[in-house]
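*Asks:* In the working numbering, the protein residues as written are 326 to 707.
For each residue, glycine too, the CB sits at the ideal point set by N, CA and C.
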């Protein structure tokens with residue numbers, strides 16, 4: 326069994342990791358400030374910074390004026406020390422983002438895959454195109470995270486099943502890793518939305534919450550104790566199949582639009598609800614944005630059926646509405662769902678709308694990729 330060569334080496338590695346995380350979150354910092362935040366002496370902090378500079382992970386990013394003495398150098402993480410890629414795979418498009426190690430997105434593009442029947446070729450071409458646009462070599466990407474609507478097996482990491490993307494099946498992950506490297510990960514898209522809400526959005530500071538994705542399909546992202554809950558087979562969160570009163574149970578589970586909750590709040594159902602209330606619009610999000618109080622009350626009551634079911638099982642405390650319906654309804658719809666849940670559920674969660682700017686699946690994919698890349702880069706400094 327291999328062992329760390331010695332305690333001093335291990336301590337240096339831990340101190341380096343803590344310093345890099347501080348510089349990412351609060352930097353740039355002076356040597357003295359870094360010493361104060363980490364509890365290290367000025368001498369040790371100076372040695373640490375010199376070591377990280379030599380590795381190309383830290384650089385002087387400016388100066389801070391102080392008393393009568395010379396200005397103090399400000400240190401920051403070198404943005405170009407590593408890059409990551411995040412992807413959202415849809416039936417008719419591939420969205421790709423590339424970010425540097427600090428999390429800054431350097432390029433974001435959308436492509437129509439030339440051959441959707443070959444996921445490996447499509448992903449490789451899209452990532453290469455994004456890297457070319459960012460002037461970043463493909464070899465400098467330390468992690469790739471791909472978001473898909475499919476059910477992902479937590480054990481193997483493969484897509485177990487995807488209705489919209491039949492070419493994404495067991496074996497695709499291995500082929501992707503052969504082409505792009507072992508750092509490729511596939512994740513359910515709504516789970517990635519939960520990561521984005523936790524890092525940037527409405528769930529910052531919450532370690533227990535759920536994201537209800539209301540749109541063409543229905544999904545649920547569950548964060549418990551600061552970690553995603555995927556279920557034993559990756560099927561946690563398939564809320565479209567939730568049995569609800571008044572809706573028939575599915576006769577064929579290979580037809581995703583036949584789920585009871587999907588029948589209640591899917592686009593077809595919301596168009597029918599709009600006709601009943603005399604609401605007009607070219608798309609379902611338009612119907613929600615332009616809906617009167619009666620329409621939004623009826624919509625909130627339907628969404629509350631799923632929200633209440635989740636609440637009595639998980640008691641998450643916070644529910645974030647996302648997807649095109651959640652975004653279109655905004656805080657007005659969220660407030661109505663919260664009121665409706667409180668009427669039928671002994672627990673009373675706070676319901677809010679998403680606060681993630683841009684593409685939430687892509688943002689979540691980059692969050693996951695950055696966690697992987699930083700673990701690699703920051704754990705190998707000594």
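Counting only the same chain and skipping the five closest in sequence on each side, list residues whose C-beta sits under 7 Å from that of residue 329.
*Replies:* With a pLDDT of only 49 at residue 329, under 50, the local geometry of the prediction cannot be trusted, and the value read off the model is given with reservation. Counting only Cβ-Cβ distances below 7 Å, and skipping sequence neighbours, we find 335.
*Asks:* Can you find at least 3 beta carbon pairs, one from the stretch 503-522 and one from the stretch 584-600, that sit closer than 8 Å?
*Replies:* Counting Cβ pairs under 8 Å, fewer than three are found: no touch.
*Asks:* When the distance is taken between beta carbons, is residue 533 closer than 7 Å to residue 671?
*Replies:* No, the Cβ-Cβ distance between residue 671 and residue 533 is not below 7 Å.
*Asks:* Skipping 5 residues on each side, what residues in its chain have a beta carbon closer than 7 Å to that of residue 429?
*Replies:* Closer than 7 Å at the Cβ level, and outside the excluded window around residue 429, lie 404.
*Asks:* For a test of the three-state rule: what should DSSP assign to residue 673, helix, strand or coil?
*Replies:* Here residue 673 sits in coil by DSSP.
*Asks:* Going by beta carbon distance, what residues of the same chain come within less than 8 Å of residue 348, once the five residues before and after it are set aside?
*Replies:* So the list reads 354, 359, 383, 400, 401 and 402, once near-sequence residues are dropped.
*Asks:* Closer than 8 Å by C-beta to residue 535: which residues in its own chain qualify, once you throw out the five before and the five after it? Chain order, please.
*Replies:* Excluding positions up to five away in sequence, the list reads 519, 545, 546, 547, 548, 635, 639, 641, 643, 644 and 645.
*Asks:* Count the other CB atoms within 10 Å of the CB of residue 701; is the residue buried (16 or more) or exposed (fewer)?
*Replies:* Exposed is the call here.
*Asks:* Using a threshold of 7 Å, state whether the C-beta atoms of residue 414 and residue 500 are closer than that.
*Replies:* Taking 7 Å as the Cβ cut-off, residue 414 and residue 500 do not qualify as a contacting pair.
*Asks:* Tell me which residues share the same chain as residue 698 and place their Cβ nearer than 7 Å to its Cβ, disregarding the 5 neighbours each side in the sequence.
*Replies:* Cβ within range, chain order: 407, 409, 426, 467 and 468.
*Asks:* Hey, residue 586 and residue 609: beta-carbon distance below 7 Å or not?
*Replies:* Result no, Cβ atoms of residue 586 and residue 609 do not sit closer than 7 Å.
*Asks:* Could you tell me whether the Cβ atoms of residue 793 and residue 487 are closer together than 7 Å?
*Replies:* The first residue shown for the chain is 326 and the last is 707, placing residue 793 beyond what the model contains.
*Asks:* Helix or strand or just coil, what does DSSP make of residue 549?
*Replies:* Of the three classes helix, strand and coil, the one that applies to residue 549 here is strand, per DSSP.
*Asks:* So, at 8 Å on beta carbons, what are the nonlocal neighbours of residue 710 in its own chain, with the 5 sequence-adjacent residues on each side left out?
*Replies:* An answer regarding residue 710 cannot be provided, because it is not within the stretch 326 to 707 covered by the chain.
*Asks:* Mapping DSSP to helix, strand and coil, what is residue 458?
*Replies:* In the structure shown, residue 458 sits in a helix (DSSP, three-state: H, G or I).
*Asks:* According to the Cβ coordinates, are residue 526 and residue 678 closer than 7 Å?
*Replies:* No, the pair does not count as a contact, with Cβ atoms beyond the cut-off.
*Asks:* Excluding five sequence neighbours on each side, which residues of the same chain lie with their C-beta closer than 6 Å to the C-beta of residue 326?
*Replies:* The pLDDT assigned to residue 326 is 42, lower than 50, so where the model puts this residue is not dependable, and the model offers no usable value.
*Asks:* For residue 411 and residue 687, which I take to be in contact (beta-carbon distance under 8 Å), what is that distance rounded to the nearest angstrom?
*Replies:* 5 Å between Cβ atoms; contact.
*Asks:* Considering only residues of the same chain and omitting the five flanking positions on each side of residue 606, which have a CB-CB separation below 6 Å?
*Replies:* For residue 606, where only same-chain residues beyond five positions count, the Cβ hits under 6 Å are 612 and 615.
*Asks:* Could you check the C-alpha separation between residue 674 and residue 333 for me, to the nearest Å?
*Replies:* Rounded to the nearest angstrom, the two C-alpha atoms are 48 Å apart.
*Asks:* Check whether the Cβ atoms of residue 380 and residue 370 sit closer than 7 Å, and answer yes or no.
*Replies:* Not in contact: residue 380 and residue 370 (Cβ atoms no closer than 7 Å).
*Asks:* Nearer than 6 Å: is that true of the beta carbon of residue 403 relative to any heavy atom of the ligand GTP?
*Replies:* Of ligands this structure carries none, so the ligand GTP is not represented either.
*Asks:* If I measure Cβ to Cβ from residue 656 and keep anything under 6 Å in the same chain, skipping five residues before and after, which residues do I get?
*Replies:* The answer, listed in chain order, is 678.
*Asks:* Name, in chain order, the residues that DSSP records as bridge partners for residue 412.
*Replies:* Residue 412 is bridged to 421 and 471.
*Asks:* Going by beta carbon distance, what residues of the same chain come within less than 8 Å of residue 695, once the five residues before and after it are set aside?
*Replies:* 409, 424, 426, 428 and 468, listed in sequence order.
*Asks:* So is residue 559 buried or exposed if we call it buried at 16+ other beta carbons inside 10 Å?
*Replies:* With 16 or more Cβ atoms within 10 Å of its Cβ, residue 559 is classed as buried.
*Asks:* Given residue 331, which residues of its chain have a CB within under 6 Å of its CB, disregarding the five upstream and five downstream residues?
*Replies:* Confidence at residue 331 is low in this model, with a pLDDT of 48, below 50, so the placement of that residue is unreliable and no value is reported for it.
*Asks:* Evaluate residue 647 with the Cβ neighbour count: other Cβ atoms within 10 Å of its Cβ, from every protein chain shown; 16 or more gives buried, anything less gives exposed.
*Replies:* Result: buried.
*Asks:* With DSSP collapsed to three states, give me the class of residue 432.
*Replies:* Reduced to three states, the DSSP call for residue 432 is strand.
*Asks:* Could you name the residues that DSSP lists as bridge partners for residue 544?
*Replies:* Looking at the DSSP assignment, residue 544 forms a beta bridge with 538.
*Asks:* Please list the terminal residues of the continuous alpha helix (DSSP H) segment that includes residue 277.
*Replies:* Examination of residue 277 is not possible in this model, given that the chain is present from 326 through 707 alone.
*Asks:* What does DSSP give as the partner residue(s) for residue 646 in the beta ladder?
*Replies:* 537 and 678, per the DSSP bridge assignment.
*Asks:* Thinking residue 628 and residue 590 are a contact (beta carbons under 8 Å), I'd like their distance in whole angstroms, please.
*Replies:* 6 Å between Cβ atoms; contact.
*Asks:* Between which two residues does the alpha helix (DSSP H) holding residue 627 run?
*Replies:* Here the alpha helix (DSSP H) through residue 627 covers 618-639.
*Asks:* What's the call for residue 361, buried or exposed, on a 16-neighbour Cβ count within 10 Å?
*Replies:* Residue 361 should be labelled exposed.
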